[in-house]
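For reference, the structure is listed below as structure tokens.
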């Protein structure tokens with residue numbers, strides 16, 4: 001059974017867009033943490049929401065948080 005590709009386009013419904021952003025952000029941060037752990041890589045992510053809120057992740061807190 002093959003999964004169908006989802007069409008990538010802007011989500012018109014604001015609430016659905018915010019929910020999708022939150023879920024995808026959590027997934028992205030989880031993948032970054034897994035990559036950092038498995039490959040001993042230093043990773044830093046900076047993400048801004050549509051409302052301008054800042055979200056950050058770094059595998060080495062003391063090194064990147066001050067940026």
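Residue numbers (full-length UniProt numbering): 1 to 67.
Even for Gly, the Cβ is constructed at its ideal location relative to N, Cα and C.
For clarity, every value in this text was computed on a predicted model and none was experimentally measured.
Item	Value
Looking at the strands, I want to know which residues DSSP matches up with residue 58.	44
Taking only the alpha-carbon atoms, compute the straight-line gap between residue 51 and residue 57 and give it to the nearest angstrom.	18 angstroms
Confirm, please, whether the CB-CB distance from residue 59 to residue 46 is below 9 angstroms.	no
Assuming the contact rule is C-beta atoms closer than 8 angstroms, residue 8 and residue 17 should be a hit. Round their C-beta distance to whole Å, please.	With 8 angstroms as the limit, residue 8 and residue 17 do not qualify as a contact, their Cβ atoms being about 13 angstroms apart.
Using the Cα positions of residue 24 and residue 31, report the straight-line distance between them to the nearest angstrom.	10 angstroms
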